[in-house]
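Enquirer: Dropping a structure here in structure tokens format, bear with me for questions.
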Amino acid sequence: MLLVLLNFVILQTSLASTLKDISFNHILKTNQYLLISQHRCQTTFESNVRGATCPRGLANTPREWQIQTSLCDYPVRVHLIRDPERRRPPRAMYIGRDRSGKTVAFVEDLQLPQPSPLNTTSLMYSRIIDFPNRVHKYLDQQRTEFTIYDQSYQLLYLVARDSRGSQHCTIYRLSNLFPGIHDRSMFVYNYVHEFSPHTLNRVRSGWTEDPYSDEVFYATTNGEVTSIHVLPLNRLMSALQDGVDGKRVFSYEASKRSFISVSGGVIFSQHHKDNYTTVYIRSFENYSQQSLGISCGFISDSRHSRNSFPSVVIVRDWEYCQIRDGAAADRDSCQHERDQWMIQEGLLPAAEPTSWWLTALIVSVIILVTLLFLLILYICWLRRSLDDTFDADQTTNLRYYPGQYPEMDVSVDRWNY
């Protein structure tokens, strides 16, 4: 096993980033993340990708591991299961097949990789999923083509294709996704609806959801151009059942790149040529602006990598802290940690220290306003006190005594001088 790990590390040393000033962390705009990449039945968990290096988990399975996964010649999908109230750490759902080809799934907790002397560029560990020999749930009798998980309503969409080439979509409502500490029972699913997708979906591929933006993505190819389309997750039924189009947000030459996934605001695509594979990583935070990205190249086995498209999921920010810190996780401390990292990396402007004269001015204004308020209160109190000191007979009207000449007119115009 140690030899396998050493060969895996040696194989991945060819990874390189084409832009030295841009790192994977910069594209994510956080250093709090867990990258989950699924190559068939091999799951790789990776975090803390250092400097301008590339995530090693995006590399294809080494030949030694391919022997162990020779019976796993089908894609395995990974979906992030998030707590609607964000109080509990997220979990992951893995959807694969058993020996008879039926679709099966299981949900498990997530753990962060630990430091290893075999890998100095990131924290990473890998494992092989043996679907037939582990506890799972049967979901469908047919081989599933792709799956989509709607976290808002905990709905799982399974799209399968029968022997005649017709697509069928089955919707399940999932529950018991977060059992108690002492309750390790499996999740529960209930049948909701089944229908035949619209014919326009025959040319749509690469369906994937981004749990952090509540959007769903798919790819279409027209000649030599592949386009990525996006639509809100609550419009998924309109796209599947009625053929509603999503908004085109990205295009590239089909012969040079294939779509992998979108997760955590980042799009992953790859290109195979002979024994060399290039993975492109690009920020998808703002569709209307050109964003920077990196490309990672590594040597691969062309016999297995050409039709291998990993499923990629990113766990980030507060949910990463929940996995890392457990019950001691604090949302404010987690946000402060990320802000400090962004300031250090120049991604967030540092708060300018307030100068002493501005502080003195603010204090002076507060003191003056307070004194003015007290002065007004004193004046009001003084006036009321003076009114209360006079007796009632001293405040009565004065008597009027008529003069000696009551009809006398003393106006100037009356007399002639």
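According to mature numbering (1 follows the signal peptide of the UniProt record, and there is no 0), the stretch in the sequence shown is residues -16 to -1, 1 to 401, in order. Where a beta carbon is used, it is the ideal one built from N, C-alpha and C, also for glycine.
1) For the segment 166 to 198, which segments carrying the beta strand (DSSP E) assignment without a break, of at least 3 residues, lie completely within its bounds, in sequence order?
2) Go ahead and pull the three-state DSSP assignment for Glu208.
3) In the structure shown, what three-state DSSP assignment does Asp309 receive?
4) Count the C-beta pairs between the segment 320 to 332 and the segment 276 to 286 that are closer than 8 Å, then say yes if the count reaches three, no if not.
5) Would you say Ile278 lies against chain C (beta-carbon separation less than 8 Å)?
6) Consider the C-beta atom of Gln135 and the heavy atoms of the ligand ATP; say whether any pair is separated by less than 7 Å.
7) If you run the structure through DSSP and keep just helix, strand and coil, what is Leu107?
8) Got a sec, what are the start and stop residues for the alpha helix (DSSP H) His63 sits in?
9) Go ahead and label Gly248 buried or exposed: buried means 16 or more other beta carbons lie within 10 angstroms of its beta carbon, across all protein chains shown.
10) Between the beta-carbon of Pro39 and the beta-carbon of Ser295, is there less than 8 Å?
11) If we ignore side chains and look at the alpha-carbon of each, how far apart do His256 and Ser84 end up?
12) If you draw a straight line from the alpha carbon of Ser106 to that of Ser21, how long is it in whole angstroms?
13) So if DSSP puts Ala89 in a beta bridge, which residue, or which two residues, is it bridged to?
14) Over the uninterrupted beta strand (DSSP E) stretch that includes Leu158, give me the two end residues.
15) Between Ser150 and Thr27, is the Cβ-Cβ spacing less than 8 Å?
16) If Ala76 and Leu96 are in contact, beta carbons under 8 Å, what's the gap, nearest whole angstrom?
17) Taking the alpha-carbon of Gly230 as reference, which of Thr204, Pro99 and Leu42 has the nearest alpha-carbon?
18) Please confirm if the segment 150 to 164 is in contact with the segment 201 to 217, defined as three or more CB-CB distances below 8 Å between the two stretches.
19) Measure from the alpha carbon of Tyr133 to the alpha carbon of each residue in Asn185, Arg118 and Val200, then state which is nearest.
20) Could you tell me whether the segment 256 to 269 touches the segment 222 to 229, using the rule of 3 or more Cβ pairs below 8 Å?
21) In this structure, does DSSP put Glu329 in helix, strand or coil?
22) What is the DSSP secondary structure of Ser235, counted as helix, strand or coil?
23) So the alpha helix (DSSP H) Ala223 belongs to, where does it begin and stop?
24) Specify whether the segment 182 to 200 and the segment 120 to 136 touch according to this definition: at least 3 beta carbon pairs, one from each stretch, less than 8 Å apart.
25) For the alpha helix (DSSP H) holding Ile11, just list the boundary residues, first then last.
26) If you run the structure through DSSP and keep just helix, strand and coil, what is Pro216?
27) Can you give the Cα-Cα distance for Met170 and Ile251, rounded to whole angstroms?
28) Whose CA, out of Arg148, Val172 and Ala144, lies closest to the CA of Tyr156?
29) Nearest-angstrom Cα distance between Asp124 and Lys86?
Expert: Considering the structure as presented:
1) If only uninterrupted beta strand (DSSP E) runs of at least 3 residues are considered, those enclosed by the segment 166 to 198 are 172 to 179 and 189 to 194.
2) Coil.
3) In the structure shown, Asp309 sits in a helix (DSSP, three-state: H, G or I).
4) They do not touch, by the three-pair rule.
5) The structure shown contains no chain C; it holds only a single protein chain.
6) Within the structure as shown, the ligand ATP is missing, as the structure has no ligands at all.
7) Correct three-state label for Leu107: strand.
8) For His63, there is no enclosing alpha helix (DSSP H); the enclosing beta strand (DSSP E) has its first and last residue at Arg61 to Ile65.
9) Buried, since its Cβ has 16 or more Cβ neighbours within 10 Å.
10) In this structure, Ser295 does not lie closer than 8 Å to Pro39 by Cβ.
11) In this structure, the straight-line span from the alpha carbon of His256 to that of Ser84 is close to 31 Å.
12) Ser106 and Ser21 have their C-alpha atoms roughly 14 Å apart.
13) Per DSSP, the beta bridge partners of Ala89 are Ile79 and Lys121.
14) Residues Gln151 to Ser159.
15) No, the pair does not count as a contact, with Cβ atoms beyond the cut-off.
16) With 8 Å as the limit, Ala76 and Leu96 do not qualify as a contact, their Cβ atoms being about 13 Å apart.
17) Considering only alpha carbons, the answer is Thr204.
18) Judged by Cβ distances under 8 Å, the segment 150 to 164 makes no contact with the segment 201 to 217, as fewer than three pairs qualify.
19) Residue Val200 is the option with its Cα nearest to Tyr133.
20) Contact fails: fewer than three Cβ-Cβ distances are below 8 Å.
21) Three-state result, Glu329: coil.
22) In the structure shown, Ser235 sits in a strand (DSSP, three-state: E or B).
23) Leu220 to Asp226 is the extent of the alpha helix (DSSP H) around Ala223.
24) Counting C-beta pairs with one atom in each stretch, the segment 182 to 200 and the segment 120 to 136 have three or more that are closer than 8 Å, which means they touch.
25) Where Ile11 is concerned, the enclosing alpha helix (DSSP H) stretches over Phe8 to Leu12.
26) Pro216 falls in the strand class under three-state DSSP.
27) Met170 and Ile251: Cα-Cα distance of roughly 32 Å.
28) With distances taken between Cα atoms, Tyr156 lies closest to Val172.
29) Roughly 6 Å separates the two Cα atoms.
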